[in-house]
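Numbering (our numbering), first residue to last: 1 to 296.
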Amino acid sequence: MSDPQPSRPARRAAADPPPPRDKRNLFERLVEMLSPGPDSRAELMKTLADAEQRELIEPESRAMVEGVLRMSDLSAGDVMVAAPRMDMLDIDAPYDQLLDVVISTAHSRFPVFEGSRDNIIGILLAKDLLKLQRAPELNLRTLLRPAVFVPESKRLNELLRDFRSNRNHLAIVIDEFGNVAGLITIEDVLEEIVGEIEDEFDEHDADGGIYTLADGTHRVAGDVDVEHVAQTFGVTLPTDEFDTIGGLVAHEFGRVPRRGESVDIAGLRFTVMLTRGGAVRWFKVSRAPAAAAAGG
């Protein structure tokens, strides 16, 4: 009598359903993989540092991975632009005044309020404001996009997921009492991962980081040499004491100034437009009123 046939592994029946597919996108899988418990966080950071030293990953890659880890610990309240420094538009303001704000701040989106700054009724895209030039009979309210509100405690990784799924670029942050605490953009969130994102104004052209705006004022990068600013505007500045105009202005304030704050130096008014990483990135520079009157 012959030996029985050796057993074979059972084949999956044709009717059996295929194994479920992982429907998470690459970013969600990366966040999960790189968000371990607190006991292994320090070990993971050390592993990344070792990998960089052994040239297994580039420094930029290590910085991005660490940015993902940090982002999981940050909330909207940690990154937002605080309410007092928000550039907003009044729904009842005349067109010329709205246009002045759009030009001077150079943002692409603006919260619009009615009555008080806490009463935000929508978001206006700067490009939509141009429609009023061609059709003045349009009602500004019809151009507003719905405003998205998020709590201060909203985690950045969750907020980024919402931004991507809803295709929003700006959200209004509210505190526990329902008051406006600030605003946050998708750029603010991404910069926590990849570092500062340069825009078209960040490229230093032949004028060395000094740009003329439509209203005749200038936009000046904080890292421009003091000597270059002095030569461009024909003023005398302490070129031997400070290397950059940002350093000079911070010295005048005695601290890093906040957005919207101004100081007059040598007949020029420096207004802070953007700060990043504890330094001023951009100033709006105009002639101080007294100097402008004397020149006129």
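Glycine residues also receive a C-beta, built at the ideal position from the N, C-alpha and C atoms.
Task: Residues bridged to residue 226 (per DSSP) - done: Paired residue(s): none; residue 226 is not in a bridge.
TODO: Kindly indicate which three-state DSSP category residue 164 falls into: helix, strand or coil?
DONE: helix
Task: Residue from 152, 185, 171, 167 whose Cα sits closest to the Cα of residue 177 - done: 152
Open item on the list: Taking contact to mean 3 or more Cβ pairs, one atom from each stretch, closer than 8 Å, check whether the region 265-282 and the region 220-232 are in contact.
Closed with: Cβ pair count under 8 Å is three or more, so yes.
- [ ] Counting only the same chain and skipping the five closest in sequence on each side, list residues whose C-beta sits under 6 Å from that of residue 100.
- [x] none
Open item on the list: Quick check on DSSP: helix, strand or coil for residue 285?
Closed with: strand
Open item on the list: Contact defined as beta carbons within less than 8 Å: I believe residue 74 pairs with residue 192. What is the distance between those atoms, to the nearest angstrom?
Closed with: A Cβ-Cβ distance of about 6 Å is found for the pair residue 74 and residue 192, placing them in contact under the 8 Å criterion.
Task: Residue closest to residue 143, alpha-carbon to alpha-carbon, out of 119, 173, 54, 89 - done: 89
- [ ] Indicate the three-state DSSP secondary structure (helix, strand or coil) for residue 238 in the structure shown.
- [x] coil
- [ ] Check each candidate in 269, 226, 67, 245 and name the one with the smallest Cα separation from residue 280.
- [x] Comparing Cα-Cα distances from residue 280 to each of 269, 226, 67, 245, the minimum goes to 245.
Open item on the list: Need the endpoints of the beta strand (DSSP E) that residue 85 sits in, please.
Closed with: Premise fails: residue 85 is in no beta strand (DSSP E) and is neither H nor E.
Open item on the list: With three or more C-beta pairs closer than 8 Å as the rule, is the region 145-161 touching the region 62-81?
Closed with: yes
Task: Distance, residue 169 Cα to residue 108 Cα - done: C-alpha separation (whole angstroms): 10 Å.
Task: Test item: CB-CB of residue 260 and residue 235 under 8 Å - done: no
Task: Residues that residue 75 bridges to, as DSSP identifies them - done: In DSSP, residue 75 forms a bridge with 155.
Task: Residues near residue 106 in its chain [Cβ-Cβ closer than 8 Å; skip 5 each side] - done: Contacts found: 201, 213, 219, 273.
Open item on the list: Once DSSP output is grouped into helix, strand and coil, what is the label at residue 111?
Closed with: strand
Task: Residue burial classification, residue 216 (beta-carbon count within 10 angstroms, cutoff 16) - done: So residue 216 counts as exposed.
Task: DSSP-derived helix/strand/coil call for residue 57 - done: coil
Task: CA-to-CA distance, residue 232 to residue 226, given in whole angstroms - done: 10 Å
Task: Pair within 8 Å by beta-carbon distance, residue 117 and residue 180 - done: yes
TODO: Report, in whole angstroms, the separation of the C-beta atoms of residue 270 and residue 256, which I expect to be a contact under 8 Å.
DONE: With a Cβ gap of about 13 Å, residue 270 and residue 256 do not count as contacting.
Task: Rounded C-alpha distance that separates residue 102 from residue 209 - done: 21 Å
TODO: Please confirm whether residue 112 and residue 182 have their CB atoms less than 8 Å apart.
DONE: no
Task: residue 188, buried or exposed, once every other Cβ within 10 Å from all chains shown has been counted against 16 - done: buried
- [ ] Report back the beta-carbon spacing between residue 145 and residue 123 to the nearest angstrom; my notes put them in contact at under 8 Å.
- [x] 5 Å
TODO: Return helix, strand or coil for residue 246, following the three-state DSSP convention.
DONE: helix
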